[in-house]
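Residue numbers (UniProt numbering), protein chains in the order written: chain A, 1 to 309; chain B, 1 to 441.
This is how it looks when you write it as structure tokens:
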């Protein structure tokens with residue numbers, strides 16, 4: 001019988017073991033990002049320089065897709081429609097959410113119920129909500145026109161009327177204020193009560209407290225909601241797809257709908273990729289603009305000390 | 001500046017994309033990469049059949065057909081069926097092609113012309129000849145010509161045929177004491193009847209004599225132009241220009257617009273939607289007549305009121321109905337092409353009597369199309385209506401940009417026309433300019 005001596009096992013240091021555990025925990029998220037976000041983004045960037053129909057090999061066309069976008073009337077129209085949609089929905093949702101969050105921040109009985117109720121629309125699928133609005137805006141039997149009729153207004157046939165389809169679509173999108181409200185609510189709850197108490201001692205009215213305490217204190221939340229709102233408004237798809245399909249006469253042709261048409265209906269995947277990248281550049285420019293404006297209106301904790309240092 | 005076009009091999013492109021992705025860590029992807037030849041349902045004995053979902057009754061018939069085929073082919077071929085919503089159907093086919101795992105056989109619609117253009121479809125002519133589906137005495141082979149895209153061979157195997165009919169609500173006709181439409185009716189007769197059938201309460205219309213129905217769509221409207229010996233395009237296969245400004249085409253457009261705004265016997269699109277959102281105009285029971293595709297018959301069978309059909313009315317003394325062939329495409333790269341064609345052949349021959357009984361599609365084979373089984377339970381006037389097929393024209397346009405033409409040129413312009421926001425001449429010129437540019441692009 002022979003005995004063999006086993007070499008002593010090298011023990012990993014605590015620091016190294018923690019690092020490995022950290023990488024293992026991070027791996028799913030990083031892999032997901034690489035496989036499902038970065039990879040397709042790179043592929044779509046390459047595709048934007050090609051003519052590709054998914055059925056045959058891509059043809060390299062250089063900047064032709066981007067040049068075609070410059071002269072594409074429908075692309076311009078979809079940009080205008082998207083701009084109007086974003087300019088109206090983003091600020092309106094911010095205002096509604098801010099007001100609602102203030103109301104939901106009160107210490108009254110049953111506040112949890114109200115918070116749940118206002119968040120409910122966010123949980124329901126976009127398509128289901130869209131179908132609901134479709135009936136609400138029915139020209140003949142819809143609730144909206146019935147109410148207008150009560151005050152003597154003959155309501156239009158919203159989604160079928162070129163002039164009214166986009167306003168109706170905008171109204172339906174305002175329904176999705178739940179998440180923004182929730183974020184505002186969290187922000188409001190982080191405002192120290194002592195500041196309000198001090199203001200009350202100084203005799204500040206409720207309005208002044210709102211203007212000079214609440215709004216500056218949650219300006220970082222407003223900033224976050226604004227950035228997310230701008231990005232989200234340029235990606236809206238389900239509601240216009242279900243409610244109008246971009247019509248009538250392309251009056252609700254938002255950019256993602258036009259992209260979808262080119263990619264999956266006309267099989268112009270290269271052109272659609274160019275639209276996607278144009279859209280990305282617009283989002284990037286708008287986001288940078290908002291970031292640039294940050295020092296002028298966003299109150300950052302500790303920023304005064306930073307500046308005085 | 002002229003853009004230089006270089007062909008890129010798909011593999012090179014994908015590997016380029018992969019390499020670029022690799023720079024940010026994508027080598028991990030490699031382990032997940034699929035082998036081109038793996039995973040297909042392939043096999044000589046098994047086929048994947050794809051069709052789009054129509055309605056619960058038609059879908060159930062499709063499933064029953066598949067079961068009957070599998071029973072008949074027991075031990076030889078096993079077919080599996082996938083039914084998809086139409087708006088996902090073409091994406092799925094294209095993605096399957098892109099992944100090099102095409103469906104073995106899929107149901108035709110005009111989008112498949114793009115697949116022919118890219119050389120993806122199998123030339124089925126030898127198989128069709130061998131299966132004797134070209135026998136003039138048995139099949140309406142004169143209708144096949146539009147599917148011979150190269151002038152000699154068929155790239156789809158037909159199994160059914162469709163046309164347009166003129167639906168009318170018998171209850172509303174009886175109530176108004178108006179005689180039912182028949183094959184002698186002209187569009188003037190329709191207007192006269194529609195005036196009697198339109199019911200108003202004050203300024204509000206509670207019942208419409210007519211809905212323009214599928215005449216609001218280019219292929220329906222074009223029947224009026226065909227009746228005047230012209231068409232919207234110079235030719236159906238690879239058209240080079242739109243010719244809507246031809247005075248006869250303008251007259252067709254003006255005629256439909258007048259039904260809504262001059263004669264006021266048909267609702268505008270907004271009025272139609274108000275009457276029938278999510279129900280359908282004719283289904284609402286508030287519309288007396290409606291020209292539409294004959295495939296509506298299957299779903300109208302559930303209606304609670306009495307209705308029937310007639311051939312399309314005569315326009316300027318003539319009637320030319322559209323027709324569409326229904327059938328199957330088989331990819332050139334399919335792994336079970338013989339078994340797939342067996343399914344198409346069986347559908348176009350053995351299955352024809354059952355198709356007649358099902359009352360969803362009109363069987364292609366002459367004997368079944370006018371058989372007692374086919375006519376039993378069909379609405380009055382059906383037999384007269386399918387006789388239109390003897391003098392009909394294909395209701396398709398075969399061009400790579402055809403969907404874009406429909407969605408960006410026809411669709412928005414007709415929307416404006418039927419909403420009275422454009423005059424027929426303006427609309428015609430607008431469509432000619434934009435459409436011809438698209439056809440050339």
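For every residue, glycine included, the Cβ atom is placed at its ideal position computed from N, Cα and C.
In this text, all values refer to a predicted model and were calculated from it rather than measured experimentally.
For residue i, the residue or residues it bridges with in DSSP
i: residue 243/B; result: For residue 243/B, which the question treats as bridged, DSSP gives no partner whatsoever.
i: residue 374/B; result: Residue 374/B pairs with nothing; no bridge assigned.
i: residue 318/B; result: 315/B
i: residue 204/B; result: 201/B
i: residue 78/B; result: 46/B
i: residue 394/B; result: 323/B
i: residue 168/B; result: 289/B and 308/B
i: residue 106/B; result: 50/B and 329/B
i: residue 161/B; result: 325/B and 362/B
i: residue 84/B; result: 52/B
i: residue 210/B; result: 289/B
i: residue 121/B; result: 331/B
Beta-carbon spacing of residue i, residue j below 8 Å
i: residue 86/A; j: residue 259/A; result: no
i: residue 256/B; j: residue 212/B; result: yes
i: residue 326/B; j: residue 160/B; result: yes
i: residue 405/B; j: residue 438/B; result: yes
i: residue 139/A; j: residue 148/A; result: no
i: residue 188/A; j: residue 102/A; result: yes
i: residue 129/A; j: residue 137/A; result: no
i: residue 305/B; j: residue 171/B; result: yes
i: residue 184/A; j: residue 218/A; result: yes
i: residue 104/B; j: residue 334/B; result: yes
i: residue 180/A; j: residue 124/A; result: no
i: residue 97/B; j: residue 281/A; result: no
i: residue 228/B; j: residue 316/B; result: yes
i: residue 131/A; j: residue 242/A; result: yes
Proximity winner among the options, relative to residue i (alpha-carbon distances)
i: residue 77/B; options: 428/B, 344/B and 372/B; result: 344/B
i: residue 58/A; options: 267/A, 275/A, 279/A and 294/A; result: 267/A
i: residue 227/A; options: 287/A, 24/A and 105/A; result: 287/A
i: residue 120/B; options: 284/A, 26/A and 53/A; result: 53/A
i: residue 109/B; options: 380/B, 402/B and 408/B; result: 402/B
i: residue 50/A; options: 133/A, 42/A, 65/A and 275/A; result: 65/A
i: residue 210/B; options: 226/B, 254/B and 191/B; result: 191/B
i: residue 116/A; options: 178/A, 285/A, 16/A and 245/A; result: 178/A
i: residue 338/B; options: 302/B, 315/B, 157/B and 293/B; result: 157/B
i: residue 273/B; options: 134/A, 192/A and 229/A; result: 134/A
i: residue 441/B; options: 425/B, 146/B, 400/B and 424/B; result: 400/B
i: residue 295/B; options: 349/B, 70/B, 379/B and 144/B; result: 379/B
i: residue 154/B; options: 234/B, 116/B and 375/B; result: 116/B
i: residue 291/A; options: 176/A, 220/A, 255/A and 28/A; result: 220/A
i: residue 436/B; options: 235/B, 374/B, 376/B and 319/B; result: 235/B
i: residue 174/A; options: 162/A, 119/A and 96/A; result: 96/A
Beta-carbon contacts of residue i that lie in its chain and below 6 Å, excluding the five residues immediately before and after
i: residue 321/B; result: 163, 164, 312, 388 and 392
i: residue 46/B; result: 78
i: residue 206/B; result: 199
i: residue 113/B; result: 398
i: residue 410/B; result: 218
i: residue 223/A; result: 298
i: residue 318/B; result: 227
Sequence-distant residues of the same chain with beta carbon closer than 7 Å to residue i, five excluded per side
i: residue 20/A; result: none
i: residue 166/B; result: 181, 289, 291, 309, 310, 311, 312 and 313
i: residue 38/B; result: For residue 38/B, the predicted model reports a pLDDT of 35, less than 50, meaning its position is unreliable; a value from the coordinates is still stated below. Nothing listed; no residue qualifies.
i: residue 261/B; result: 420
i: residue 276/A; result: 44 and 259
i: residue 215/B; result: 221, 256 and 291
i: residue 126/A; result: 238 and 239
Residues near residue i by beta carbon distance below 8 Å, same chain, minus five either side
i: residue 415/B; result: 269
i: residue 222/B; result: 231, 232, 252, 322 and 395
i: residue 384/B; result: 182, 183, 310 and 311
i: residue 74/A; result: 250, 253 and 258
i: residue 11/A; result: none
Cβ contact (3+ pairs, closer than 8 Å) linking the segment 283 to 300 of chain A and the segment 249 to 257 of chain A: With contact defined as three or more Cβ pairs closer than 8 Å, the segment 283 to 300 of chain A and the segment 249 to 257 of chain A are not in contact.
At a cut of 8 Å, does the segment 345 to 357 of chain B reach the segment 424 to 433 of chain B through at least three beta carbon pairs? The segment 345 to 357 of chain B, when compared against the segment 424 to 433 of chain B, does not touch it at the 8 Å Cβ threshold.
Pair every Cβ in the segment 194 to 206 of chain A with every Cβ in the segment 162 to 170 of chain A, then say whether three or more of these pairs are closer than 8 Å. Counting Cβ pairs under 8 Å, fewer than three are found: no touch.
Quick test of the definition: if touching needs 3 or more C-beta pairs under 8 Å, does the segment 336 to 351 of chain B touch the segment 120 to 140 of chain B? At 8 Å Cβ cutoff, the stretches touch.
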